[in-house]
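Start counting the sequence shown at 0; every next residue gets the next number (numbering that gives the first Met the number 0). Every residue gets a Cβ at the ideal spot worked out from N, C-alpha and C, and that includes glycine. Inspection log for the structure reproduced underneath, given as C-alpha coordinates.
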Amino acid sequence: MNLILKNLSDNLRKVVNFGTHILKWDIEKKRNGRDKNVPSVFLRNSIELGDSVSILIEKSSIEPAKILIRSLMESTFSLLYMIEKDEQLRSHSFLICRLNKEIKYYKQFIKDEKISKNFVSKFIKQEPDFELENHCNPIEIERVIKAKESLLLEDNYKEANIEFQRTCNKSKKRNNNPNWYSLYDGPNNFENLCLYLNSTILYEFQYRKYSENVHPNSVMNGFVIAGKDKADILQIRNFKECKEVFYNGINLLIDVYREFIKMRLPEKQNDFDTWYLSYIPEFEKTDLETKFKYVE
0 MNLILKNLSD NLRKVVNFGT HILKWDIEKK RNGRDKNVPS VFLRNSIELG DSVSILIEKS
60 SIEPAKILIR SLMESTFSLL YMIEKDEQLR SHSFLICRLN KEIKYYKQFI KDEKISKNFV
120 SKFIKQEPDF ELENHCNPIE IERVIKAKES LLLEDNYKEA NIEFQRTCNK SKKRNNNPNW
180 YSLYDGPNNF ENLCLYLNST ILYEFQYRKY SENVHPNSVM NGFVIAGKDK ADILQIRNFK
240 ECKEVFYNGI NLLIDVYREF IKMRLPEKQN DFDTWYLSYI PEFEKTDLET KFKYVE
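Right, dumping it as C-alpha coordinates:
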(Lines of atoms letter the chains of each structure in order from A and count residues from 1; the text may use other names and numbers.)
(Lines give C-alpha, C1' and ligand atoms only; values in the text may rest on other atoms or scores of the structure.)
Protein backbone atom coordinates (compact mmCIF):
# COMPACT_ATOMS: atom_id res chain seq x y z
CA MET A 1 0.00 0.00 0.00
CA ASN A 2 2.91 2.34 0.64
CA LEU A 3 3.85 2.19 -3.04
CA ILE A 4 0.28 3.06 -4.05
CA LEU A 5 0.19 6.05 -1.73
CA LYS A 6 3.59 7.25 -2.95
CA ASN A 7 2.46 6.90 -6.56
CA LEU A 8 -0.63 9.03 -5.88
CA SER A 9 1.41 11.59 -3.98
CA ASP A 10 4.06 11.86 -6.71
CA ASN A 11 1.40 12.34 -9.38
CA LEU A 12 -0.33 15.12 -7.44
CA ARG A 13 3.06 16.71 -6.83
CA LYS A 14 3.57 16.94 -10.60
CA VAL A 15 0.43 19.06 -10.82
CA VAL A 16 1.66 21.18 -7.92
CA ASN A 17 5.02 21.62 -9.64
CA PHE A 18 3.42 22.91 -12.83
CA GLY A 19 1.47 25.39 -10.70
CA THR A 20 4.75 26.88 -9.49
CA HIS A 21 5.63 27.62 -13.13
CA ILE A 22 2.31 29.43 -13.60
CA LEU A 23 2.97 31.43 -10.44
CA LYS A 24 6.45 32.36 -11.69
CA TRP A 25 5.05 33.49 -15.07
CA ASP A 26 2.42 35.57 -13.34
CA ILE A 27 4.87 37.29 -11.02
CA GLU A 28 7.25 38.00 -13.88
CA LYS A 29 4.48 39.75 -15.79
CA LYS A 30 4.84 43.30 -14.50
CA ARG A 31 1.59 44.75 -13.23
CA ASN A 32 1.45 48.10 -11.43
CA GLY A 33 -0.31 48.29 -8.04
CA ARG A 34 -0.41 45.96 -5.06
CA ASP A 35 -3.98 44.97 -5.86
CA LYS A 36 -2.77 43.48 -9.18
CA ASN A 37 -1.06 40.63 -7.37
CA VAL A 38 -3.95 39.55 -5.14
CA PRO A 39 -4.86 36.69 -7.53
CA SER A 40 -1.20 35.61 -7.43
CA VAL A 41 -1.40 35.22 -3.66
CA PHE A 42 -4.57 33.14 -3.95
CA LEU A 43 -2.87 30.92 -6.53
CA ARG A 44 0.16 30.49 -4.29
CA ASN A 45 -2.08 29.50 -1.40
CA SER A 46 -3.88 26.94 -3.57
CA ILE A 47 -0.59 25.44 -4.75
CA GLU A 48 0.71 25.17 -1.18
CA LEU A 49 -2.49 23.47 -0.03
CA GLY A 50 -2.22 21.01 -2.90
CA ASP A 51 1.39 20.32 -1.96
CA SER A 52 0.37 19.68 1.65
CA VAL A 53 -2.33 17.25 0.50
CA SER A 54 0.28 15.33 -1.50
CA ILE A 55 2.46 15.00 1.62
CA LEU A 56 -0.45 13.72 3.71
CA ILE A 57 -1.47 11.20 1.04
CA GLU A 58 2.03 9.72 1.02
CA LYS A 59 1.87 9.36 4.81
CA SER A 60 -1.66 7.86 4.59
CA SER A 61 -3.09 10.75 6.67
CA ILE A 62 -6.26 10.84 4.60
CA GLU A 63 -8.74 12.26 7.12
CA PRO A 64 -6.56 15.33 7.86
CA ALA A 65 -6.04 15.72 4.11
CA LYS A 66 -9.80 16.17 3.70
CA ILE A 67 -9.60 19.30 5.84
CA LEU A 68 -7.01 20.70 3.44
CA ILE A 69 -9.13 19.74 0.43
CA ARG A 70 -11.94 21.78 1.97
CA SER A 71 -9.57 24.73 2.36
CA LEU A 72 -8.38 24.17 -1.21
CA MET A 73 -11.98 24.45 -2.41
CA GLU A 74 -12.37 27.76 -0.60
CA SER A 75 -9.10 29.08 -2.02
CA THR A 76 -9.65 27.98 -5.63
CA PHE A 77 -13.31 29.03 -5.78
CA SER A 78 -12.46 32.44 -4.31
CA LEU A 79 -9.77 32.83 -6.95
CA LEU A 80 -12.13 31.73 -9.75
CA TYR A 81 -14.64 34.35 -8.63
CA MET A 82 -11.99 37.05 -8.37
CA ILE A 83 -10.66 36.61 -11.91
CA GLU A 84 -13.99 35.83 -13.58
CA LYS A 85 -14.68 39.53 -14.22
CA ASP A 86 -14.07 42.93 -12.61
CA GLU A 87 -10.79 41.60 -11.25
CA GLN A 88 -9.58 44.93 -9.88
CA LEU A 89 -12.89 45.67 -8.18
CA ARG A 90 -12.96 42.25 -6.58
CA SER A 91 -9.33 42.49 -5.55
CA HIS A 92 -10.13 45.79 -3.86
CA SER A 93 -13.09 44.12 -2.14
CA PHE A 94 -10.80 41.46 -0.71
CA LEU A 95 -8.21 43.99 0.49
CA ILE A 96 -10.81 46.29 2.06
CA CYS A 97 -12.55 43.46 3.92
CA ARG A 98 -9.18 42.28 5.18
CA LEU A 99 -8.16 45.77 6.32
CA ASN A 100 -11.44 46.38 8.16
CA LYS A 101 -11.23 42.99 9.83
CA GLU A 102 -7.66 43.66 10.99
CA ILE A 103 -8.56 47.11 12.31
CA LYS A 104 -11.46 45.67 14.26
CA TYR A 105 -9.21 42.99 15.71
CA TYR A 106 -6.49 45.42 16.81
CA LYS A 107 -8.98 47.84 18.38
CA GLN A 108 -9.85 45.14 20.90
CA PHE A 109 -6.45 45.78 22.48
CA ILE A 110 -7.03 49.52 22.94
CA LYS A 111 -8.65 50.11 26.31
CA ASP A 112 -10.66 53.19 25.30
CA GLU A 113 -12.30 51.47 22.34
CA LYS A 114 -15.87 50.27 22.88
CA ILE A 115 -15.12 46.88 21.38
CA SER A 116 -12.34 46.36 23.93
CA LYS A 117 -14.71 46.17 26.90
CA ASN A 118 -16.43 43.04 25.65
CA PHE A 119 -13.08 41.58 24.66
CA VAL A 120 -11.53 42.07 28.09
CA SER A 121 -14.63 40.90 29.97
CA LYS A 122 -14.12 37.39 28.56
CA PHE A 123 -10.71 37.14 30.21
CA ILE A 124 -11.77 38.71 33.50
CA LYS A 125 -14.36 35.98 33.96
CA GLN A 126 -11.52 33.46 33.92
CA GLU A 127 -8.81 35.62 35.50
CA PRO A 128 -10.20 38.41 37.73
CA ASP A 129 -6.81 40.14 37.87
CA PHE A 130 -6.38 40.22 34.10
CA GLU A 131 -4.74 43.43 32.76
CA LEU A 132 -4.76 43.95 29.00
CA GLU A 133 -1.63 46.13 29.04
CA ASN A 134 0.41 43.19 30.35
CA HIS A 135 -0.29 41.24 27.17
CA CYS A 136 0.24 43.83 24.43
CA ASN A 137 1.85 47.16 23.51
CA PRO A 138 -1.03 49.67 23.05
CA ILE A 139 1.23 52.37 21.59
CA GLU A 140 2.52 50.07 18.88
CA ILE A 141 -0.98 48.72 18.18
CA GLU A 142 -2.37 52.27 17.81
CA ARG A 143 0.37 52.96 15.26
CA VAL A 144 -0.66 49.86 13.28
CA ILE A 145 -4.33 50.89 13.39
CA LYS A 146 -3.58 54.38 12.08
CA ALA A 147 -1.48 52.96 9.26
CA LYS A 148 -4.27 50.62 8.20
CA GLU A 149 -6.94 53.30 8.51
CA SER A 150 -4.88 55.57 6.26
CA LEU A 151 -5.00 52.89 3.57
CA LEU A 152 -8.79 52.97 3.67
CA LEU A 153 -8.65 56.66 2.71
CA GLU A 154 -6.52 56.14 -0.38
CA ASP A 155 -8.27 57.04 -3.63
CA ASN A 156 -7.89 53.47 -4.93
CA TYR A 157 -9.87 52.04 -2.05
CA LYS A 158 -12.41 54.74 -1.11
CA GLU A 159 -15.13 53.31 -3.33
CA ALA A 160 -14.61 49.76 -2.08
CA ASN A 161 -14.67 50.93 1.54
CA ILE A 162 -17.97 52.75 0.98
CA GLU A 163 -19.32 49.54 -0.55
CA PHE A 164 -18.04 47.58 2.45
CA GLN A 165 -20.02 49.81 4.82
CA ARG A 166 -23.11 49.53 2.59
CA THR A 167 -22.84 45.74 2.63
CA CYS A 168 -22.47 45.72 6.43
CA ASN A 169 -25.70 47.69 6.77
CA LYS A 170 -27.63 45.99 3.97
CA SER A 171 -29.68 43.76 6.26
CA LYS A 172 -31.68 44.77 9.33
CA LYS A 173 -29.11 43.08 11.53
CA ARG A 174 -25.74 44.68 10.78
CA ASN A 175 -23.05 42.28 9.58
CA ASN A 176 -19.66 43.64 10.62
CA ASN A 177 -17.72 40.89 8.89
CA PRO A 178 -19.14 40.22 5.41
CA ASN A 179 -17.35 37.89 3.01
CA TRP A 180 -15.33 39.91 0.52
CA TYR A 181 -17.14 38.34 -2.41
CA SER A 182 -20.49 39.54 -1.04
CA LEU A 183 -19.60 43.18 -1.82
CA TYR A 184 -21.34 44.71 -4.83
CA ASP A 185 -24.27 42.35 -4.25
CA GLY A 186 -22.17 39.24 -4.76
CA PRO A 187 -22.81 35.82 -3.16
CA ASN A 188 -23.38 36.28 0.56
CA ASN A 189 -21.82 32.98 1.64
CA PHE A 190 -19.71 30.12 0.31
CA GLU A 191 -22.71 27.99 -0.61
CA ASN A 192 -24.02 30.76 -2.86
CA LEU A 193 -20.54 31.36 -4.23
CA CYS A 194 -20.49 27.71 -5.34
CA LEU A 195 -23.95 28.16 -6.83
CA TYR A 196 -22.72 31.22 -8.75
CA LEU A 197 -19.74 29.22 -10.06
CA ASN A 198 -21.97 26.28 -11.06
CA SER A 199 -20.23 24.08 -8.49
CA THR A 200 -23.18 23.12 -6.29
CA ILE A 201 -22.46 19.40 -6.77
CA LEU A 202 -18.97 19.83 -5.33
CA TYR A 203 -20.35 21.90 -2.47
CA GLU A 204 -23.05 19.40 -1.51
CA PHE A 205 -21.10 16.16 -1.96
CA GLN A 206 -17.57 17.20 -1.02
CA TYR A 207 -17.45 20.48 0.88
CA ARG A 208 -20.32 19.56 3.23
CA LYS A 209 -18.87 16.12 3.73
CA TYR A 210 -15.40 17.40 4.50
CA SER A 211 -16.78 20.07 6.82
CA GLU A 212 -17.42 17.24 9.26
CA ASN A 213 -13.66 16.72 9.45
CA VAL A 214 -13.10 20.38 10.36
CA HIS A 215 -15.76 20.31 13.07
CA PRO A 216 -15.22 16.87 14.63
CA ASN A 217 -18.62 15.53 13.62
CA SER A 218 -17.07 12.64 11.71
CA VAL A 219 -15.27 11.09 14.68
CA MET A 220 -17.75 8.20 14.75
CA ASN A 221 -16.40 7.15 11.37
CA GLY A 222 -13.50 5.77 13.35
CA PHE A 223 -15.69 2.83 14.32
CA VAL A 224 -16.25 -0.21 12.10
CA ILE A 225 -18.77 -3.02 12.64
CA ALA A 226 -16.97 -6.16 13.81
CA GLY A 227 -19.97 -8.43 14.25
CA LYS A 228 -23.38 -8.43 15.87
CA ASP A 229 -23.49 -5.73 18.54
CA LYS A 230 -19.73 -5.29 18.21
CA ALA A 231 -17.52 -2.56 16.83
CA ASP A 232 -13.82 -1.93 16.55
CA ILE A 233 -11.93 1.34 16.30
CA LEU A 234 -10.18 1.80 12.97
CA GLN A 235 -6.43 2.29 12.93
CA ILE A 236 -5.22 5.82 12.37
CA ARG A 237 -3.90 6.69 8.89
CA ASN A 238 -6.73 4.77 7.29
CA PHE A 239 -6.14 4.87 3.53
CA LYS A 240 -9.68 3.91 2.43
CA GLU A 241 -10.54 7.21 0.68
CA CYS A 242 -7.07 8.13 -0.58
CA LYS A 243 -8.18 7.99 -4.23
CA GLU A 244 -11.11 10.33 -3.58
CA VAL A 245 -8.81 12.88 -1.96
CA PHE A 246 -6.32 12.45 -4.81
CA TYR A 247 -8.99 13.06 -7.48
CA ASN A 248 -10.30 16.15 -5.70
CA GLY A 249 -6.84 17.66 -5.35
CA ILE A 250 -6.01 17.08 -9.02
CA ASN A 251 -9.33 18.42 -10.32
CA LEU A 252 -9.38 21.55 -8.16
CA LEU A 253 -5.85 22.55 -9.12
CA ILE A 254 -6.16 21.87 -12.84
CA ASP A 255 -9.50 23.71 -13.04
CA VAL A 256 -8.05 26.81 -11.41
CA TYR A 257 -4.87 26.62 -13.55
CA ARG A 258 -6.99 26.53 -16.70
CA GLU A 259 -8.97 29.63 -15.77
CA PHE A 260 -5.96 31.47 -14.41
CA ILE A 261 -4.10 30.99 -17.69
CA LYS A 262 -7.16 32.05 -19.67
CA MET A 263 -7.79 35.24 -17.68
CA ARG A 264 -4.30 36.30 -16.54
CA LEU A 265 -1.76 34.66 -18.86
CA PRO A 266 -3.37 33.99 -22.26
CA GLU A 267 0.08 34.11 -23.88
CA LYS A 268 0.93 30.91 -21.95
CA GLN A 269 -2.06 28.94 -23.25
CA ASN A 270 0.11 26.76 -25.50
CA ASP A 271 2.42 25.96 -22.59
CA PHE A 272 -0.55 24.87 -20.51
CA ASP A 273 -2.02 22.78 -23.34
CA THR A 274 1.31 21.07 -23.96
CA TRP A 275 1.74 20.24 -20.28
CA TYR A 276 -1.85 19.05 -19.91
CA LEU A 277 -1.66 16.72 -22.91
CA SER A 278 1.54 15.19 -21.54
CA TYR A 279 0.07 14.87 -18.05
CA ILE A 280 -3.14 13.02 -18.99
CA PRO A 281 -1.34 9.72 -19.88
CA GLU A 282 0.63 9.96 -16.62
CA PHE A 283 -2.59 10.44 -14.67
CA GLU A 284 -4.28 7.50 -16.40
CA LYS A 285 -1.25 5.30 -15.76
CA THR A 286 -1.20 6.26 -12.08
CA ASP A 287 -4.93 5.75 -11.78
CA LEU A 288 -4.62 2.24 -13.23
CA GLU A 289 -1.61 1.28 -11.13
CA THR A 290 -3.20 2.41 -7.87
CA LYS A 291 -6.42 0.41 -8.00
CA PHE A 292 -7.02 -1.53 -4.79
CA LYS A 293 -9.80 -3.29 -2.95
CA TYR A 294 -10.37 -2.06 0.58
CA VAL A 295 -11.46 -4.65 3.13
CA GLU A 296 -12.63 -3.47 6.55
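Taking the Cβ atom as the reference point for each residue, do residue i and residue j lie within a distance shorter than 7 Å?
i, j, result
"ILE82", "MET262", "yes"
"GLY18", "GLY248", "no"
"GLU162", "TYR183", "yes"
"LEU151", "ASN160", "yes"
"GLU112", "LYS147", "no"
"TYR209", "ILE68", "yes"
Quick one: grab the DSSP three-state call for residue i.
i, result
"LEU94", "helix"
"GLY226", "The predicted model places GLY226 with a pLDDT of 48, which falls under 50 and marks its position as unreliable; any figure quoted below should be read in that light. If DSSP states are grouped into helix, strand and coil, GLY226 belongs with the strands."
"PRO127", "coil"
"GLU112", "coil"
"TYR293", "coil"
"PRO186", "coil"
"ARG173", "coil"
"PHE238", "coil"
"GLN107", "coil"
"PHE282", "helix"
"GLU153", "coil"
"ASN31", "coil"
Name the residue from the options whose alpha carbon lies nearest to the alpha carbon of residue i.
i, options, result
"LYS23", "VAL255, SER74, LEU264", "LEU264"
"VAL143", "PHE238, PHE76, LEU98", "LEU98"
"LEU201", "LEU79, ASN31, LEU251, TYR105", "LEU251"
"ASP9", "ASN44, LYS35, ILE56", "ILE56"
"GLU132", "GLN107, GLN125, LYS147", "GLN107"
Am I right that residue i and residue j are in contact with their C-beta atoms under 8 Å? What's the rounded C-beta distance?
i, j, result
"VAL244", "LYS65", "6 Å"
"PRO137", "LYS110", "7 Å"
"TYR80", "LEU196", "6 Å"
"ASN44", "SER90", "Not quite, the Cβ-Cβ distance comes to about 14 Å (not below 8 Å), so this is no contact."
"VAL15", "SER77", "Actually they are not in contact, since the Cβ atoms of VAL15 and SER77 sit about 19 Å apart, beyond 8 Å."
"ILE260", "ILE46", "So it is not a contact: roughly 14 Å between Cβ atoms."
Leaving out the 5 sequence neighbours to the left and right, which residues in its chain are closer than 6 Å to residue i when beta-carbon positions are compared?
i, result
"MET72", "TYR206"
Between which residues of its own chain and residue i is the CB-CB distance below 7 Å, once the five residues before and five after are set aside?
i, result
"ARG173", "CYS167"
"PHE238", "MET0, LEU4, SER59, ILE61"
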